[in-house]
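Engineer: Just so you know, we're using this note's numbering here: the sequence shown kicks off at 645 and counts up by one.
Right, I'll just put the structure down here and ask away after.
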Amino acid sequence: MSDPVRILISDPLDPETVERFSSSGDVEVVVQTGIDPAELPAVVRQYHGMVVRSGTRVTAEALADPGLLRVIGRAGSGVDNIDLDAATAAGVVVMNTPGGNSVAAAEHTLALLTSLARHLPQAATDLKAGNWNRKRYMGTEVTGKTLGIVGLGRVGREVALRARGMHMEVLGYDPYVSDAVAAELGIAPRTLPDLLAESDFVTLHLPISGDTRHLIDAAAIAAMKPGARLINCARGGLVDEAALASALESGHLAGAALDVFEAEPPDPDGLVGMPGVIATPHLGASTREAQIRVAAEICEKVKNYLLDGTARDAVNPVPKG
Numbered sequence: 645m646s647d648p649v650r651i652l653i654s655d656p657l658d659p660e661t662v663e664r665f666s667s668s669g670d671v672e673v674v675v676q677t678g679i680d681p682a683e684l685p686a687v688v689r690q691y692h693g694m695v696v697r698s699g700t701r702v703t704a705e706a707l708a709d710p711g712l713l714r715v716i717g718r719a720g721s722g723v724d725n726i727d728l729d730a731a732t733a734a735g736v737v738v739m740n741t742p743g744g745n746s747v748a749a750a751e752h753t754l755a756l757l758t759s760l761a762r763h764l765p766q767a768a769t770d771l772k773a774g775n776w777n778r779k780r781y782m783g784t785e786v787t788g789k790t791l792g793i794v795g796l797g798r799v800g801r802e803v804a805l806r807a808r809g810m811h812m813e814v815l816g817y818d819p820y821v822s823d824a825v826a827a828e829l830g831i832a833p834r835t836l837p838d839l840l841a842e843s844d845f846v847t848l849h850l851p852i853s854g855d856t857r858h859l860i861d862a863a864a865i866a867a868m869k870p871g872a873r874l875i876n877c878a879r880g881g882l883v884d885e886a887a888l889a890s891a892l893e894s895g896h897l898a899g900a901a902l903d904v905f906e907a908e909p910p911d912p913d914g915l916v917g918m919p920g921v922i923a924t925p926h927l928g929a930s931t932r933e934a935q936i937r938v939a940a941e942i943c944e945k946v947k948n949y950l951l952d953g954t955a956r957d958a959v960n961p962v963p964k965g
C-alpha cells in the first residue's frame, strides 16, 4: 500500500489502549469523535480503517463512496449501527469483538435478575426518601427457580454458568445450537413456546435482525408463565415494548429489567417509569475490564487486516484478493 495506513477512531475508546495503539508506529491513528452524520461520508473515505462503538452510525450514505476505506471494526458485539449490506457492496469488511464483553453482560444480567427478585432499586429509592417499608418489598428466592435463556451464544452461556451456580434450573432456546451442545453446557433445550411457558425468569441474549425483531411480542408474552419476569440486556428491538407494558399493567408479568430499548434514551414517562420495571442505560458492557478488552482487541484486528489481510470475526464476506 503506497499511502500510510490511516485508522479513524470515531467513538470514545479506552484512552490508554488508544495511546498504545497510536504509538506503535505501524499505523497512523486519528481520534475524531462526535462527527456530524452529514459529514461522515467525506471523513471516512480518507481512512483505510475505522473503529466505532455504538455511537457512530455507519449508513449506506456513508459507504456509497468508500474511498480508501477497507475495514470497520466494532468495539463490541452488536453491529446494528453499521449497514452490512452497504459495507459488503463497497468491499469493506466489518469485524466485531463478540467475546470481549461477554462476562460483563452476563454479570449485569444476573445483577438485574436478583434485583428483580428482591425489588432492590425500588426499596433503595424508598429508603432514601425516608420510608422504612420492609413488608412492602417481600422478595422471592432464585434458588430452585427456572431461568429460560433465549440465545445460547457467548453471553447466554456465561449467564447459564452463573445461574447454575445459583442453583437455578436452566432452560435454553437457540435454533443454531444442538441439543447435545446445550446438554454439555448443563442447559435443558426447549422450543421457544415451551421455554416461555416453563420459566420463572426469561432472559434474552441474541442479535437483532428481521427474524428476531419483536420476537417477544404480545403472543410470546401471553405464553409466558403468569408472574414471570423478563430481562433484556441484548437489543431493544427484541421486545414489543407496548405489549410488555400491557402485560405489566395487567399483572400477567411480575416485572421486567431492561438495559436496552427500541429508542435510546427511552421516554422516562413510558415503560421505564412503570413501578415493576428496573431500567439501566445500556450498561451491559460498561465495565473497565470489558472496555479495555474490546478496545485492544478491535484495534489489533483492524491493524492486522490492513497490514497482512488477516480477518478475524468478520461479520460480512471478506473481499477476495
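Ideal Cβ placement from N, Cα and C applies to all residues, glycine included.
(1) Please return the same chain residues whose Cβ sits closer than 7 Å to the Cβ of His763, not counting the five positions on each side in sequence.
(2) How should Glu802 be labelled, buried or exposed, when 16 other C-beta atoms within 10 angstroms of its C-beta is the threshold for buried?
(3) Count Cβ pairs between the segment 765 to 782 and the segment 713 to 729 that sit closer than 8 Å; are there 3 or more?
(4) Can Asp655 and Thr700 be called in contact, C-beta distance under 8 Å?
(5) Below 8 Å on the Cβ atoms is my guess for Val737 versus Val715; work out the distance and round it to an integer in Å.
(6) If you drop the 5 nearest sequence neighbours on each side, which residues of the same chain put their C-beta closer than 7 Å to that of Arg664?
(7) Could you tell me the alpha carbon to alpha carbon distance between Ala832 and Ala898, rounded to whole angstroms?
(8) If contact is defined by three or more beta carbon pairs under 8 Å, each pair taking one atom from either stretch, is the segment 898 to 918 in contact with the segment 933 to 943?
(9) Decide if Tyr820 is buried, meaning its Cβ has at least 16 other Cβ atoms within 10 Å, or exposed.
(10) I need the straight-line Cα distance from Ser894 to Tyr817, nearest angstrom please.
(11) Going straight from the alpha carbon of Gly792 to that of Glu660, what length do you get?
(12) Should Leu892 and Gly928 be called a contact, given that it needs their Cβ atoms to be closer than 8 Å?
(13) Go through its chain and collect everything with a Cβ distance to Pro742's Cβ below 8 Å, but skip five positions before and after it.
(14) So is His692 buried or exposed if we call it buried at 16+ other beta carbons inside 10 Å?
(15) List the residues that DSSP assigns as beta-bridge partners of Ile922.
(16) Leaving out the 5 sequence neighbours to the left and right, which residues in its chain are closer than 6 Å to Pro963 when beta-carbon positions are compared?
(17) What is the DSSP secondary structure of Thr732, counted as helix, strand or coil?
(18) For Asp911, which of helix, strand or coil comes out of DSSP?
Structural biologist: In terms of the structure at hand:
(1) Against the sequence shown, residue 763 aligns to sequence position 119. Taken in chain order, the residues that qualify are Tyr781, Gly783.
(2) Here residue 802 is taken as the residue at index 158 of the sequence shown, counted from 1. Buried, by the Cβ-count rule.
(3) no
(4) Reading the sequence shown from its first residue, position 11 is the one you call residue 655. Reading the sequence shown from its first residue, position 56 is the one you call residue 700. In this structure, Thr700 lies closer than 8 Å to Asp655 by Cβ.
(5) In the sequence shown, residue 737 corresponds to position 93, counting from 1. In the sequence shown, residue 715 corresponds to position 71, counting from 1. Sure, about 5 Å apart at Cβ, within 8 Å.
(6) Stepping through the sequence shown from its first residue, residue 664 is reached at position 20. Once the five neighbours on either side are set aside, Arg664 has no close Cβ partner at all.
(7) Here residue 832 is taken as the residue at index 188 of the sequence shown, counted from 1. Here residue 898 is taken as the residue at index 254 of the sequence shown, counted from 1. Their backbone Cα atoms lie some 24 Å apart in a straight line.
(8) no
(9) Walking along the sequence shown from the start, residue 820 turns up at place 176. The residue in question, Tyr820, is exposed, as its Cβ has fewer than 16 Cβ neighbours within 10 Å.
(10) Your numbering for residue 894 matches position 250 in the sequence shown. Your numbering for residue 817 matches position 173 in the sequence shown. So the alpha carbons of these two residues sit roughly 27 Å apart.
(11) Stepping through the sequence shown from its first residue, residue 792 is reached at position 148. Stepping through the sequence shown from its first residue, residue 660 is reached at position 16. Each residue's Cα considered, the two are about 39 Å apart.
(12) In the sequence shown, counting from the first residue as 1, residue 892 sits at position 248. In the sequence shown, counting from the first residue as 1, residue 928 sits at position 284. Going by C-beta atoms, Leu892 is not nearer than 8 Å to Gly928.
(13) Locating residue 742 in the sequence shown gives position 98, counting from the first residue. For Pro742, where only same-chain residues beyond five positions count, the Cβ hits under 8 Å are Ser721, Gly797, Arg798, Asp957.
(14) Taking the sequence shown and counting its residues from 1, the one referred to as residue 692 is at position 48. Result: buried.
(15) Along the sequence shown, read from residue 1 onward, the residue named residue 922 stands at position 278. Paired residue(s): Ala901.
(16) Position 319 of the sequence shown holds residue 963. Taken in chain order, the residues that qualify are Gly735.
(17) Against the sequence shown, residue 732 aligns to sequence position 88. Of the three classes helix, strand and coil, the one that applies to Thr732 here is helix, per DSSP.
(18) Counting from one through the sequence shown, the residue named residue 911 turns up at place 267. Looking at Asp911 - three-state DSSP - the assignment turns out to be coil, as it is neither helix nor strand.
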